[in-house]
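Residue numbers (the numbering used here): 233 to 698.
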Ligand code: URP
Ligand code: ZN
Ligand code: ZN
């Protein structure tokens with residue numbers, strides 16, 4: 233199958249140009265002006281007119297949790313529903329977190345995630361590994377996972393009794409990763425201190441979702457961020473702070489980068505567009521319960537600065553959807569029992585386009601960089617994904633930067649009964665989405681097939697982690 237995309241503005245992280253893009257099979261075969269009508273662009277099966285549109289590399293969301301077990305229930309999107317929703321929103325790769333259960337091996341966890349995803353995904357996918365039990369055995373397993381293309385390990389200083397690892401365990405995992413070439417990802421909040429404040433709040437009758445946002449102090453995120461970066465420096469391993477939400481944590485990343493530490497971080501749409509106020513309004517606030525929590529509005533200004541100055545390299549979603557009715561309501565009367573997580577995988581590319589590019593804070597090239605190119609470079613997919621270039625996978629989006637649409641649970645494709653952005657009008661939308669050369673979204677319809685997506689065996693990305 234040969235497809236020619238004509239007359240679009242090709243947007244890459246390092247620049248934009250008017251160009252036609254020739255896709256041959258699964259890859260980009262040619263790029264340049266005037267391919268239509270030339271010998272190179274002859275004999276095509278299909279032409280897609282991208283006049284007035286951008287042609288961008290498909291989004292890469294490096295932080296999703298399909299079917300994650302949490303708080304006695306499971307994140308509602310399966311790999312089938314969640315990856316399809318991602319495609320609707322212009323994302324053509326997800327990296328999801330396989331989970332090691334306490335007392336179990338990494339292998340068991342990873343095999344379970346492979347079984348869930350294989351044959352079900354609309355788009356290409358890979359895995360990181362959550363380590364919740366650092367032992368001699370699980371440390372030894374890490375090297376094998378890196379060899380299998382699962383090159384990053386997430387550890388937690390939050391969620392005592394579930395995912396939390398003590399500093400010694402974190403440090404041991406870091407040392408192992410320093411040797412095997414992988415990347416350490418950290419959920420950095422001081423979970424032990426948070427649990428003290430949370431128990432005090434509940435004892436004082438402060439049980440509404442709003443208090444979830446109050447008890448998880450920004451300083452607890454800042455403290456843990458500093459701690460894990462210092463540990464990573466001692467171990468000689470690069471560290472990536474996931475879902476960074478606060479000015480406090482960002483300052484720690486800035487300071488670390490200023491002194492030359494290999495410290496990196498992502499933020500998420502919820503921290504850029506929602507605030508602590510959204511957690512108010514009685515139990516409705518449960519729709520916005522995630523960890524770290526939504527912050528007061530002043531933190532957002534700093535996060536945008538972090539994106540502009542590259543102290544934050546990536547915007548990922550932390551997509552982890554729970555229905556309001558039947559799942560979030562497990563926490564009626566005690567915010568500690570509300571499953572943590574928000575839906576966003578479908579909305580990320582448009583939200584960042586609207587709130588970043590249209591609002592004038594970042595360029596369209598930076599938008600592509602934080603949503604696609606940096607994720608590819610930092611997570612072992614450079615050259616293959618995240619770029620519109622000859623030889624790269626034809627994961628392409630014909631993006632209309634002018635089209636406005638209203639985000640709503642009544643029209644989204646995520647399998648969850650509410651939207652955090654209900655009624656928000658955003659400018660920009662994915663018209664045509666191509667995954668490895670196959671059109672999977674067109675005219676608002678899914679035209680792909682379950683199982684189109686393949687597992688991505690990723691390489692270590694040390695050369696890019698500077
Ligand atoms: O609230 C969140 N973030 N839920 C998903 C699990 C995690 O910590 O990433
Ligand atoms: Zn986390
Ligand atoms: Zn997460």
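We put the beta carbon where it would ideally sit given N, CA and C, even for glycine.
Note that this is a predicted model, so its numbers are computed, not measured.
Q: Apply the 10 Å Cβ neighbour rule to residue 557 and answer buried if 16 or more other Cβ atoms are within range, or exposed otherwise.
A: Reading the chain shown from its first residue, position 325 is the one you call residue 557. Residue 557 comes out exposed.
**Q.** Minimum length 3: unbroken beta strand (DSSP E) runs contained in the region 623-697
**A.** 628-638, 657-667, 670-674
Q.
Let's test the definition: count the other Cβ atoms within 10 Å of the Cβ of residue 233 and tell me whether it reaches 16, buried, or not, exposed.
A. Within the chain shown, numbered from 1, the residue matching residue 233 stands at position 1. The residue in question, residue 233, is exposed, as its Cβ has fewer than 16 Cβ neighbours within 10 Å.
Q: Indicate the three-state DSSP secondary structure (helix, strand or coil) for residue 239 in the structure shown.
A: Position 7 of the chain shown holds residue 239. Residue 239: strand per DSSP, three-state reduction.
Q) Does residue 475 get closer than 8 Å to chain D when you measure Cβ to Cβ? A) Judged by its chain identifiers, the structure shown contains no chain D, having just a single protein chain.
(Q) Quick check on residue 548: does DSSP put it in helix, strand or coil? (A) Counting from one through the chain shown, the residue named residue 548 turns up at place 316. Reduced to three states, the DSSP call for residue 548 is coil.
Q: On the DSSP bridge assignment, give the partners of residue 296 in chain order.
A: As a working mapping, residue 296 is identified with position 64 in the chain shown. 328, 551.
Q: Compute every distance between the C-beta of residue 360 and the non-hydrogen atoms of ligand 3, then say whether any falls below 7 Å.
A: As a working note, residue 360 is residue 128 in the chain shown. No.
Q) Across which residues does DSSP place residue 250 in a beta bridge pair? A) As a working note, residue 250 is residue 18 in the chain shown. For residue 250, which the question treats as bridged, DSSP gives the partners 241.
Q) For ligand 2, which residues have a Cβ under 6 Å from at least one heavy atom, in chain order? A) 419, 474, 475
Q) Are the region 607-625 and the region 684-692 in contact at 8 Å, needing three or more beta carbon pairs? A) yes
Q: Report the three-state DSSP secondary structure of residue 349 (helix, strand or coil).
A: Within the chain shown, residue 349 is the residue found at index 117, counting from 1. Reduced to three states, the DSSP call for residue 349 is helix.
Q. Is it the case that the CB of residue 293 approaches a heavy atom of ligand 1 more closely than 7 Å?
A. Position 61 of the chain shown, counting from 1, holds the residue named residue 293. Answer for residue 293: no, Cβ out of range of ligand 1.
**Q.** Under the three-state DSSP convention, the category residue 539 falls into
**A.** Along the chain shown, one-based indexing puts residue 539 at 307. Correct three-state label for residue 539: helix.
Q: Could you pull out every unbroken alpha helix (DSSP H) segment of at least 4 residues lying fully inside the region 436-524, listed in chain order?
A: Within the region 436-524, the complete alpha helix (DSSP H) runs of at least 4 residues are 442-447, 450-467, 479-490, 501-505.
Q.
Check for me: the beta strand (DSSP E) holding residue 405 runs from which residue to which?
A. Start at 1 with the first residue of the chain shown, and residue 405 comes out as number 173. Residue 405 -> not in any beta strand (DSSP E); alpha helix (DSSP H) instead, spanning 399-412.
**Q.** From 678, 565, 662, residue whose alpha carbon lies closest to that of residue 442
**A.** Indexing the chain shown from 1 puts residue 442 at position 210. Here the closest residue by C-alpha is 565.
Q. Terminal residues of the continuous alpha helix (DSSP H) containing residue 359?
A. As a first step, residue 359 is located in the chain shown; it is residue number 127 there, counting from the start. Careful: residue 359 lies outside any alpha helix (DSSP H), inside the beta strand (DSSP E) at 356-362.
Q: Give the straight-line distance between the Cα atoms of residue 625 and residue 426, rounded to the nearest whole angstrom.
A: One-based indexing of the chain shown puts residue 625 at position 393. One-based indexing of the chain shown puts residue 426 at position 194. For residue 625 and residue 426, the distance between alpha carbons rounds to 44 Å.
Q: Whole angstroms is fine: what's the gap from residue 545's alpha carbon to residue 353's?
A: One-based indexing of the chain shown puts residue 545 at position 313. One-based indexing of the chain shown puts residue 353 at position 121. Cα to Cα, residue 545 sits roughly 26 Å from residue 353.
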